[in-house]
Amino acid sequence: MSLELWAIYAWTSWMMPLVGALLTPLLARIGGRARDYGAVIFSFFAMLTTLSLIPLLFEEVKWPLRSQISWVLLPGAPILSEIKAGVLLDPLSIIMVNIVSVVSFLIMVYSLGYMRGDPGLTRYWFFMNFFIANMLLLVLADNLILMLVGWEGVGLCSYALIGYWYRDSREGWLHYWVGEPPEAYPPSHCGMKAFMVTRFGDLFMIAGTLMLAATVKTVSFPELLHADSLAPANLKWLLPISLILILSGAVGKSAQLPLMEWLPDAMAGPSSVSALIHAATMVKAGVYLVARLFPIALSWSASVPTTTSFFYAVMWIGALTAFIAASQAVASTELKKILAYSTVSQIGYMMMALGAAGLSTEIIGGYVASIFHLMNHAVFKAALFLAAGSIIHAAGSRFLRDMGGLRKHMPITFYSTLLAAFALMGMPPFGGFWSKDLVLSMTLSSGEYAAFILGLVTAILTAFYSIRMMGLVFYGGGKSEEAHEAPRVMWVPYLILAVLSLILGLVAPLLEGGLEKVLARILPVHAHSASGALGPQLIVPLASIIAIVIGAAPAYALYVRRVKGQGEIVERRGYMKALRTLLIRRYYINAFYYKAIAHPSIRLSQIASKVLELKVIEGINNALSIGARRFSDLIRKAHTGVLNHYVIGLILGALILIMLILTGGA
Amino acid sequence: MIDASHLLLQSLIVPIIASAIIFAMGKLLGKRVGWIALTSLAYSMICLVVAGYFVHRSGSPLQASYPWAQLLGDFILYLDGLSGPVALVTAVVGLLACIYSIAYMDLRDGWGGYFSLYLLFNAGMLGTVLSTNLASFFLFLELILIASWSLIVVWGEKDRWRAALKYFLYTETGALMFLVGIGLTYSIMGTLNILELASRAAGLSPTTLSLIASLMLVGLFVKMAIFPLHSWLPDAYSAAPTPISAILPVVTGIGGYVALRILYIAFPQMIGQNDFMIALLALALITMIYGGYVALAQNRLKKLLAYSSISQMGYMLFGVASASVIGLAGAMLMYVAHSLSKAMLFMISGMLSRTVGTDNLDELGGLAGRMRTMSIAFMIGFLSLMGYPPLLGFWGELFIFAGSIYTALHSSLDIPRLALTIIAIIFSLITAGYGLWTIRRSLFGEESEAVRRAQPEPRLMLVPIIVSAILLVVLGIYPTTLTILLRTLAPLLPG
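Line by line, the protein sequences are chains A and B.
Heads up: the first sequence runs through residues 1 to 666, numbered per the working numbering.
Heads up: the second sequence runs through residues 667 to 1161, numbered per the working numbering.
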């Protein structure tokens, strides 16, 4: 067993891109090409190191593997007296780092073409590599505090890259802004919004982490597994509450209800950023965190039964988000926003599967479903976003109304998007089919029928909006005749990803079995082949195929064959119009947050500043000084400057001191 | 083997001697006085670094006593896990602001007076941090006040007289209350040595103890600008010459440091009085939130930073009130982080006033494209303020809250404390709010008219800014550098 080697791989995997990021400004001095290729090479090294970890999965290893160094010391402290920096390798983290590093590398290659000629490239490469480093750190961290460092690091990169075009120029708003007026936002606004919303969730996560640290005296994942016995009996009820507080961080990062509103606006960043951060990797951090906490919560639920509330919370947040986000995608007017809503919705699936797994006897099945779906989604959604980057570039606008008929001009992009969209819809035999099927059947077998129905309706909506997107972009009258195919450095990455989404489907039965086998080893249950009742096993695939047909058929007729004007159907019916407005305005949740939280906070600050600070407190000050002057007039019978009070005070003070010293000394 | 204990005295005396030299020969030396001041501060800092290393090596605090007035007891300088990092950072910021001063004074007159007062100011701060005799403590506090007041009045910006007077009256009132507390302490316990107070206070009734501690704390609250005693701070900060604005947060933080000393070292019995500590916690929370909200409404960068300091002092008081050694460590880190980041941000605001001609956020915009180094430092400063890892501010906030949560949970469940702490954690979003909004208004967007006409940054002004930014990052990545000395803290600390 190459015990030393794995530790080296694990540490270098996240340090590589970090070094790459730090070297970027230096390489930029040599020249543009050195900087660009240098950045890509470091992400390539990161990929190599993580790939080298894969053979571990096939060996008989006693998971988890840990390698730690001492980091933050707080001598004498009863908790957190030593926080270690450590990497934790188990099948979950190994699978996750590989998803991250492979997708990252392909997107870095794509960036070579996509971002060519941009004036801020040094900043771009810095933050991309810095992001990869932090993402890998987040995944590999063996305790919550170190994870938090990576967690906030990726948040910072997300902020910086959403607001990449920080000039917010109004001329380029078709390109660089996001949203339809009145909800059109410039990039720097969107970056700040993403930061604030995710940070809001993170603060709950910090509170939860500290509560765990105070009750069970540890924050490291392997030790938390059986930490319920360490908690004092009168505090055991706090354990599930801490977990749910930590879950808030995941909800923010993964853009789940009620903290989902930042992600659609995060589309103001470059498409490569949307693909990497806001589809394939960072937004999955929440799912990863829940998956990390999953065995812990499961093991605690034996002694603290209320821990199941954690799983209920995860499942229902996931199910509701999946449905609501998918419905918004149906009416979206922007290409990238469809994909953003879709991402939110698909992450909802992953959450739902994890929650359901905790509630059913098919624990391992639901767990595998979630991770497998995460893997598939990372691949096909990255492909879709990268292709969208080419499409928006070709069409010169991010709005669907400015696109159409691009199939002829951009055949490779068309076929790549088609493959990825099929995977997104869950069309057999694509990867998405298998994982979504597993998600749904595991939800069904947990006995949560309402969540299952929501999942099924989401599948219908997913099929609808995927075909609608294909139709609006690639079919119909050409609006941009001079559009042309993207350069090879751009289409190769997304073609690879699109084909990969098909391959993942072809090997899915094998892969599912393998995942089940390796992931079972980190769960506190024994693996068993998914041999549930035969009923759901047949019903669910059938139901999901029917759902695809129900969703896809009308979309095909309307947007691809265009048998009827799409507008007519909506315009003629009042309730359809209202529904469309409701969906475009995001159920008014976004508007509500602005009206109920953002704007009142600013108003409150104005009141605090103008009324409380300037009127009340300054008023008291003035009253005091006037009073003091009157008092001094009274004593001195003479009008003197206020400075004299100080002299009086000083003498008085000295007198008191002397008196006290004398009485004390006597 | 050199006797390390005299290093502490040297770190104090050398700037004072230099100050006298500059004062006497200021005319003769001309513009060289800045560099003399810088050298003496550098020497003082090196003394402290070496002394800190000795403390680390030996694992026990460094103490140097000198006979003084018979009545008042010995003059004692003391370096341990708490005063060590605080003194060191005080010296570092003093040094950085001195570099900045040289650039700042380039266009102004009165070099001799400025640097001689500046050195006294720094000596006052170091003396306060290192003293364990309450009398010398008080004298150094007064030295800080007099020196900073003079600096504000002579070299300050507009409205300086009014602001300086307010500053003086407020902090002097606080100092007098503190003095009354000192007097009571002496008359009841018969000693002014902080290290001896804990054992002498053991037999006292809680009421007496509370009275003394409250008097001292309220006095310190003025210095820390805790709500509602804060109103001197925004005026003084914004009227002071920029290098002094950069140091004033350190002075304010020293108030918090003294509060830690008083509560944890002198009167550890107070830590056990839960109602008292909860009251402090609530006061801290109000200050955090109030300062943050008022900062959000400011248009002038300097004013915004000033209100942000009030809010940050609320955090520090929160650590004081956490009733735990974790919170104490947090408050200490908070002091370091706040001093470095606020000093840097004030230097930046001063630099903008010079190069762009304004620090009004409405007239800034698009600076990111023009002043890269400054923009990076600016972001690091605000990120550290909002407690973002791996910057130093993160550890400060984390441990402050961890300490309070630990206290709330460890012996019996303290629901009010737990609730207040969770509210405090959530409301720390305000810092992110005003931080990001400031960043957005100044760095992003189209370049404003004023920014387009901006002059290049003076190199010398950038140096301290870059150094502070690097320190925030490096100390944040490895905060053990600062916390390791905590093991030398008196063992009588509560958990």
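Ideal Cβ positions, reconstructed from N, Cα and C, are used throughout, including at glycine.
What you are looking at is a predicted structure, and each value in this text was computed from that prediction instead of being measured.
{"Query": "C-beta neighbour in chain B for residue 269 (chain A), strict 8 Å", "Result": "no"}
{"Query": "Contacts that residue 244 (chain A) makes with chain B (C-beta to C-beta distance below 7 Å)", "Result": "Residues of chain B passing the Cβ test: none, with the nearest at roughly 13 Å."}
{"Query": "Under 8 Å between C-beta atoms of residue 376 (chain A) and residue 243 (chain A)", "Result": "no"}
{"Query": "For residue 992 (chain B) and residue 1065 (chain B), the rounded distance between their alpha carbons", "Result": "6 Å"}
{"Query": "Residues that residue 860 (chain B) contacts on chain A, provided the C-beta gap is smaller than 8 Å", "Result": "In chain order: nothing, as chain A lies at least about 16 Å away."}
{"Query": "C-alpha gap between residue 1041 (chain B) and residue 1033 (chain B), whole angstroms", "Result": "7 Å"}
{"Query": "Inter-residue CB distance, residue 597 (chain A) and residue 386 (chain A) (contact presumed, cutoff 8 Å)", "Result": "Their Cβ separation, rounded to whole angstroms, is 34 Å, which puts residue 597 (chain A) and residue 386 (chain A) out of contact at 8 Å."}
{"Query": "Assigned secondary structure, residue 684 (chain B) (DSSP; H/G/I helix, E/B strand, else coil)", "Result": "helix"}
{"Query": "DSSP bridge partner residues for residue 797 (chain B) (one or two, in chain order)", "Result": "B:743"}
{"Query": "CB contact below 8 Å: residue 195 (chain A) versus chain B", "Result": "yes"}
{"Query": "As assigned by DSSP and simplified to three states, the class of residue 86 (chain A)", "Result": "strand"}
{"Query": "Runs of alpha helix (DSSP H) lying entirely within the stretch 727-782 of chain B, each at least 4 residues, in chain order", "Result": "749-770"}
{"Query": "Outcome for residue 159 (chain A) when other beta-carbon atoms lying within 10 angstroms are tallied against a minimum of 16", "Result": "buried"}
{"Query": "is_contact[residue 1079 (chain B), chain A] using C-beta, thresh 8 Å", "Result": "yes"}
{"Query": "Candidates B:755, B:1057, B:1073, B:1081: closest to residue 146 (chain A) by CA position", "Result": "B:1057"}
{"Query": "Against chain A: residues of the stretch 959-990 of chain B by CB proximity under 9 Å", "Result": "959, 960, 961, 962, 963, 964, 973, 990"}
{"Query": "Completely contained alpha helix (DSSP H) runs for the stretch 246-271 of chain A, where each covers 4 or more residues", "Result": "262-265"}
{"Query": "Given 8 Å, three or more beta-carbon pairs between the stretch 949-959 of chain B and the stretch 1090-1102 of chain B", "Result": "yes"}
{"Query": "Proximal chain A residues relative to residue 650 (chain B), where beta-carbon distance stays under 8 Å", "Result": "Nothing can be reported for residue 650 (chain B): it is not among the residues displayed for chain B, which extend from 667 to 1161."}
{"Query": "Separation of residue 148 (chain A) from residue 238 (chain A), as counted between CA atoms", "Result": "21 Å"}
{"Query": "Classification of residue 766 (chain B) by the beta-carbon crowding that lies within 10 angstroms, buried from 16 upward", "Result": "buried"}
{"Query": "Interface flag, residue 566 (chain A) vs chain B, CB-CB below 8 Å", "Result": "no"}
{"Query": "Closer than 8 Å to chain A by CB, residue 1149 (chain B)", "Result": "yes"}
{"Query": "Enclosing alpha helix (DSSP H) for residue 65 (chain A) [first to last residue]", "Result": "Residue 65 (chain A) -> not in any alpha helix (DSSP H); beta strand (DSSP E) instead, spanning 65-73."}
{"Query": "Start and end residues, alpha helix (DSSP H) containing residue 893 (chain B)", "Result": "It is not in any alpha helix (DSSP H) - residue 893 (chain B) carries neither H nor E in the DSSP assignment."}
{"Query": "Three-way DSSP call (helix, strand, coil) for residue 1022 (chain B) in this model", "Result": "coil"}
{"Query": "Boundaries of the alpha helix (DSSP H) in which residue 917 (chain B) is found, first to last residue", "Result": "908-926"}
{"Query": "Interface positions of the stretch 75-87 of chain A facing chain B (Cβ-Cβ less than 8 Å), listed along the chain", "Result": "75, 76, 77, 78, 79, 80"}
{"Query": "Chain-ordered residues of the stretch 151-167 of chain A with a beta carbon less than 9 Å from chain B", "Result": "151, 152, 153, 155, 156, 159, 160, 163, 166, 167"}
{"Query": "Proximity to residue 941 (chain B) [Cα-Cα], best of B:915, B:860, B:781, B:872", "Result": "B:872"}
{"Query": "Which of helix, strand or coil DSSP assigns to residue 1144 (chain B)", "Result": "coil"}
{"Query": "Sufficient close CB pairs (3 or more, under 8 Å) joining the stretch 59-76 of chain A to the stretch 4-13 of chain A", "Result": "yes"}
{"Query": "Helix, strand or coil at residue 963 (chain B) according to DSSP, with G and I counted as helix", "Result": "coil"}
{"Query": "CB contact below 8 Å: residue 667 (chain B) versus chain A", "Result": "Its pLDDT being 44, under 50, residue 667 (chain B) is placed unreliably by the model, and nothing is read from it."}
{"Query": "Status (buried if at least 16 other CB within 10 Å, exposed otherwise) for residue 888 (chain B)", "Result": "buried"}
{"Query": "Chain B residues whose Cβ lies nearer than 8 Å to that of residue 602 (chain A)", "Result": "962, 963"}
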